[in-house]
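Each residue of the sequence shown is one higher than the last, beginning at -3 in the working numbering. Take a look at the structure set out below.
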Amino acid sequence: DAGLRYAYLQFDGIGNAANSHRLVGNLFDVKLRAIENLHKAGVDIVPVITIINGINNEQVGRVVQFALDNPKTISFLSFQPVSFTGRDEEITDERRKAQRYTLSHLAHDVKDQTGIGEPARDWFPISFMGTFTDWADLVHGPEENWGQLNCGCHPNCGVGMAVMIDKETKEAVPFTKFVRGEQLAKDIARVNDAAGGRFRSVLGMGLALMRNYDPFNAPTHFKLADLLKKFDKTFGATGKDYGKVSGDRTQNDIAKRRGDRWNFLFVAGMWFQDLFNYDFRRTERCIIPYATQEGEISFCAYNTGIGWRNIIEKMHMTATLTKWYEERGRHEIFAGGKHVQLNTTEHSLVLDPEAVAAGEQHDLDDAGIAKNARQEKLAARAAAKAAANGGNGKPADPQQAAHDAQMAALYRQHVLKEQQEPLVQIQGLKTAKKDEPVSVG
C-alpha cells in the first residue's frame, strides 16, 4: 500500500550451511519465507550476495541457478564482492589476499559454475545503460516530472549481464548473445545525438534493434516483436499500458506486468571500495549518496576507510548503546546458531536439493587462514601468548610477561571495574622501652 516496489534482501547462498557464517541457525529458511511473502505482496525481490573468496564463492552459480529456476519471482541479482572496511581495515595481508574477490572473478565464476555467459562478450559496466536511459529521456521530453534512473557511475564500480528467460520453459540465453550490445549502444547514441522528436527517436530505436538482432541465437520462442515489446515496456516509449510502476499501482497493474512471458534477468556486480583499492575518480562519480547532517557524501567515502561514517556519527550521536539499552531495553539477538521461530517453512520456490544439502565451504580452514577479524585477533593473541611463554621454541621474555600482567591488571581495574582486595596491614611486635618497668603477673 505504501508503494514499495523493490526490496534488497541479504542472501549469501543456497541452504542453511551456506549462510552459517551469519550465525543464525535457520537463516536460509527465513529468507525463503521473506521472498514468498514479499512476492505475494507485489514487491520485487533483489537478492544481495556478499561474495568472499574461500567463504561462499562456490555459491555464485547456485544463486544464479536459483534465479533461473524461479523466473516468475526473481528478476535481479546483485553480487557484491567483499569490501574490507570497518573491523576489517586492520586485516592481515595473508587473509586479504586469500579472501579478495573481484568483478572479473564474478564473470568467470558465473560461466564456470553455470555455463551461462561469456565474460568478454556478455558483461558490461553498469554505466553502459546510460545510453539507453538518455534515449528514454529524449523520448519522454523535458515536460516529464521525473527522468530515468541514470547509472553514470565509474566503469570500475559495477558490471552486469542480462539474461532472457522463458518463464514457461525456463530456457535462458544471455541477451548479448542474440543482440549485438556494443553496436546497439553506438546506434542509439547516434539517435540521441540527432535529438529528434518522439516519433523519430522511437523509430530509430526500432531500426537499431532490428539491425542488431540475431534470431538464430535467440531463445526458441523469442521473436523480434518480443524484443521491441520488452524495450517499450522497460522505457515506456509508446505510452502503451503494461501496468503502472508508480506508487499508486494496484495488484492488477502488478499482475499485468508479471504476465509477460519473458523475464529480463539482470545479474549485477557492485564492488564497493576499501582502503586497499580506493580511487577518488570513482568517488567523484558515485551514484549512491548518503544524505547526512553535513550534506551528501558518497557511499564509499562514508563507509570505507576515508572515515566519514565515524565522523558523522560522533558529531551527531543522540545516545550511546548503553544509554539506548537502559531506556528501551535489549532487543532479541540471533547469534551462535540460534533459530528464528517461524510459523511455517512452506514456500513455492524451486530449489536444487544438491545445492541445499551442500555443506559449508572450508577452503580457508584447509589453508589455516582466519575467516574474520575476530578469528584473526584470537590467533594473534594466542601467538603472542605462546611467544611470551616460550611456546614458539624461543625463551620466554620476562619483560613482556610482566608488561602483559600489568596491562591485564589495568584492564580489570578500569574496564571491568573489579574491586581490588583491601590491603591488610600487619603491625609488628611492640617492644618495651628500657626505662619502662616490666610488670610481672
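From the three backbone atoms N, C-alpha and C, an ideal C-beta is built for every residue, glycine too. Since we're looking at a predicted model, the values are computed, not measured.
- Residue nearest to R207 within the set N188, R253, I184 and G364 is I184 (criterion: CA-CA distance).
- At least 8 Å separates the beta-carbon of Q95 from that of V106.
- Of the other Cβ atoms in all chains shown, 16 or more fall within 10 Å of the Cβ of Q61; this residue is therefore buried.
- When secondary structure is reduced to three states using DSSP, D275 falls in the coil class, being assigned neither helix nor strand.
- The criterion of a C-beta distance shorter than 8 Å is satisfied by P43 and I70.
- When secondary structure is reduced to three states using DSSP, I308 falls in the helix class.
- A residue is called buried once 16 or more other Cβ atoms fall within 10 Å of its Cβ, and F24 is buried on that count.
- Secondary structure within the stretch 10 to 85: the beta strand (DSSP E) runs of 3 or more consecutive residues, fully enclosed, are 40 to 47 and 72 to 77 (chain order).
- Residue pairing for Q416: DSSP places it in no beta bridge.
- In terms of Cα proximity to A158, the closest of L345, K373, W131 and F120 is F120.
- The residue from N66, Q269, L5 and Q6 with its alpha-carbon nearest to that of D348 is N66.
- As a beta-bridge residue in DSSP terms, K334 pairs with V20.
- Counted as a single uninterrupted DSSP element, the stretch harbouring G291 is not any alpha helix (DSSP H) but the beta strand (DSSP E) occupying residues G291 to S294.
- The count of Cβ pairs closer than 8 Å, one atom from the stretch 18 to 33 and one from the stretch 336 to 347, reaches three, so the stretches are in contact.
- Separation of A401 and A331 (C-alpha to C-alpha, rounded to the nearest whole angstrom) is 32 Å.
- The three-state secondary structure of W320, taken from DSSP, is helix.
- Approximately 39 Å separates the beta-carbon atoms of C149 and R326; this is outside 8 Å, ruling out the contact.
- Contact annotation: A405 and D393 have beta-carbon atoms that are not nearer than 8 Å.
- Straight through space, the alpha carbons of A287 and M125 are spaced by roughly 25 Å.
- For the pair F72 and K381, the Cα-to-Cα distance works out to about 49 Å.
- Ranked by Cα distance from R1, the first of H343, N49 and Q247 is Q247.
- Contact annotation: T172 and R117 have beta-carbon atoms nearer than 8 Å.
- Only residues of its own chain outside the window of five on either side were considered, and among them A354, G355 and E356 have a CB closer than 7 Å to the CB of A13, listed in chain order.
- V56 and L102 have their C-alpha atoms some 8 Å from each other.
- Counting C-beta pairs closer than 8 Å gives three or more between the stretch 126 to 137 and the stretch 189 to 198, which meets the contact rule.
- Annotated three-state conformation of N208 is helix, per DSSP.
- In this structure, the alpha-carbon of I45 lies about 13 Å from that of H17.
- Contact check for T129 against L145 passes: the beta carbons are separated by less than 8 Å.
- Residue environment: Y407 is assigned as exposed (fewer than 16 neighbouring CB atoms within 10 Å of its CB, all protein chains considered).
- T340 sits in coil when the DSSP states are folded into three classes, being neither helix nor strand.
- The distance from the Cβ of T318 to that of Q269 is about 32 Å, inconsistent with a contact at the 8 Å cut-off.
- Cβ-Cβ distances below 8 Å link F295 to F268, C282, I284, P285 and Y286 in the same chain, with the five nearest sequence neighbours on each side left out; the list follows chain order.
- Of the residues assessed, D8 falls on the buried side of the cut-off, its CB having 16 or more other CB atoms within 10 angstroms.
- The DSSP-derived three-state label of P285 is strand.
- Under DSSP, N146 takes part in no beta bridge, so it has no partner.
- Under DSSP, no beta-bridge partner is assigned to L345.
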